[in-house]
Structures are given as structure tokens and as C-alpha cells.
Amino acid sequence: MFDSSPEVAIPTLSFAERTRRVVDEVRNTALRVGRDPVQIKILAVSKQKTVADIRALMNQGFRDFGESYVAEALPKLDSLASAGCTWHYVGVVQSNKTKRLAQHFDWIQSIDRVHIGKRLADARGEFSTTALNVCIQVNIDEEPTKAGVSMDQVPELVDQLQEFPQLQVRGLMAIPNPDAHQETTRDSFRQMRELFEKLQTNTSTHWDTLSMGMSGDYVIAIEEGATMIRIGTALFGPRI
Ligand SMILES: *Cc1c(COP(=O)(O)O)cnc(C)c1O
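According to this note's numbering, the sequence shown is numbered sequentially starting from 1330.
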């Protein structure tokens, strides 16, 4: 009659309530640290979520979506082909997937090898006259199993990628160690920002994206200078 188990007692938030919370928190954090909230783009990471879920977020005004698995993403991108969304790939880039990525996505945030950049550039040239936006993924905490280059390899990779006219090199992306203490995460974000700003002088005018911060740490990321946060759980609810 009266169920007190926590899973049942906690009301499920609607898409409108969840997005309102995130948007408010982004805005309040930005203002608190003297930043203009419009400088922070919220990328809705829709992996494991349905086309209906994505449409629900579109109804809340979202247009930028992120996916991590090519096979899962392509049918969704296809269903939403005329919806006017911008699609970001944030997963590991495998060589045998570069063609499909370059054809269907607007952004690839996870480049960590020039070889992958070249394959994406060649494929993009076949499919489109507009450049593919790319970010370099930095393995900020030097985790052995994680994709990304170390910080000291970033400048060379930026130079190499800028040689490809089919790529627009927009900035840096990082996923800090999820088990790190908050202050360690803050330190990682701070190092990313320093590197991002240092590279601003020898890169194109399109160097404008510092992609860091997820559901658990986006407030810290905004405090430390993120221009794009990638939010899954806090917008869509938990994944299975
Ligand atoms: C899944 C994912 C996210 C979103 O994670 P949440 O913790 O659910 O917000 C962000 N970035 C990348 C690269 C991801 O794979």
C-alpha cells in the first residue's frame, strides 16, 4: 500500500525539470565566476538514449548532441537527419570507422593520432565541401587505458592536423579520471585551460573550444574555463 523503497519514493524528473536544473546551474556558476553564460555550450550526450529522448531534449531547445558508438549512433542520426541537429562524436575513433564518422558527424572530439586525422580528412573530402570540426583528446591524468595524447604531445598534433584543409581544429577535449578527488579534477581542468590558452596564439581563429566537464564535475569545469560541457545523465537520466 505504501512503498518506502527509495527507488520508488524518489519521483522521476521530467526532461523539462532535468534540463532546467542543468541550465540554471550552468548559468549560476558562470555568473558567480564572472563568465558570460552564453560562452558555455551544453552538449547533450545521448548514447544509449532513444530518438524519442533526443526529441524530448530538442523540445527543451537543445540542438547539440554527442554519441560514443558508431553502430548505435548512425540509425539515430539517420532518423533525425532533417531535424537540424549538430552531431558530435566523443567516443574512441577506430581506423575502420573514419569514413562513416567523417560522412555523418559535424564534430569529432576525440582525435589522438595524426593517422586518424588524415583518414578523417581524406574521407571528409569525398563527402562534403565543409570542414569537419575536430578536437584533440588529451589524456590529462595519463591513465594507461584511456584514449588521448599526453599534454606534451598536443602542440605537435595541433600543427599536424592544421595541415589538413578538410579539418577545422577547434580545441581540446578531456575526460579526467572519474575516481579522482575533486581537487585533483580541478587541477586537471586548470592544466587543460593553461594549455588551451597557450596554443591560442599559434592556432587559427577557430581555436575556441575547451570541452571538459560531465554530469559529475561540470560545475568545476565551468569554474576552470570550459567552453563546452558534455552532459548525459543529468539531462537524460541514468543509463543502464
Ligand atoms: C558518456 C560521456 C559523457 C557524459 O557522461 P555523464 O556522466 O552521463 O554526463 C561525456 N563525455 C564522454 C566522452 C562520454 O563518453
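By construction, the Cβ of each residue, glycine as well, lies at the ideal position given by its N, Cα and C atoms.
Checklist entry - Who are the near neighbours of Q1489 in its chain, counting only those whose CB is closer than 6 Å to its CB and skipping five residues on each side? => result In the same chain as Q1489, and ignoring 5 residues on each side of it, the C-beta atoms closer than 6 Å to its own belong to V1443, in chain order.
Item to check | Closer than 7 Å: G1545 CB and nearest ligand 1 heavy atom | outcome: It does: the Cβ of G1545 is within 7 Å (strictly closer) of some heavy atom of ligand 1.
Next on the checklist: Measuring only the C-alpha atoms, how far is Y1418 from L1372?
Outcome noted: If I take the Cα positions, the gap works out to 11 Å.
Checklist entry - So what does DSSP say about E1396, is it helix, strand or coil? => result Of the three classes helix, strand and coil, the one that applies to E1396 here is strand, per DSSP.
Next on the checklist: With distance defined between alpha-carbon atoms, name the residue in P1505, I1569, H1535 nearest to I1541.
Outcome noted: One detail in the question is off: residue 1541 reads as Met in this sequence, not Ile. Relative to the Cα of M1541, the nearest Cα in the group P1505, I1569, H1535 belongs to P1505.
Next on the checklist: Considering only DSSP beta bridges, list what I1440 is partnered with.
Outcome noted: Beta-bridge pairing by DSSP links I1440 to I1465.
Item to check | From V1352, I1369, T1341, N1468, residue whose alpha carbon lies closest to that of E1552 | outcome: Put simply, of V1352, I1369, T1341, N1468 the residue whose alpha carbon is nearest the alpha carbon of E1552 is I1369.
Checklist entry - Is the segment 1445 to 1454 touching the segment 1421 to 1433 in the sense that three or more CB pairs, one from each, lie closer than 8 Å? => result Two segments are said to touch when three or more pairs of C-beta atoms, one from each, lie closer than 8 Å; by this definition the segment 1421 to 1433 touches the segment 1445 to 1454.
Checklist entry - Given a threshold of 16 other Cβ atoms within 10 Å of its Cβ, counted over all protein chains shown, does L1558 qualify as buried or as exposed? => result According to the sequence provided, residue 1558 is Ile. The question's Leu does not apply to it. Classification of I1558: buried, given that the 10 Å Cβ count is 16 or more.
Checklist entry - Are the beta-carbon atoms belonging to L1409 and V1380 less than 8 Å from one another? => result For L1409 and V1380, yes; Cβs fall inside 8 Å.
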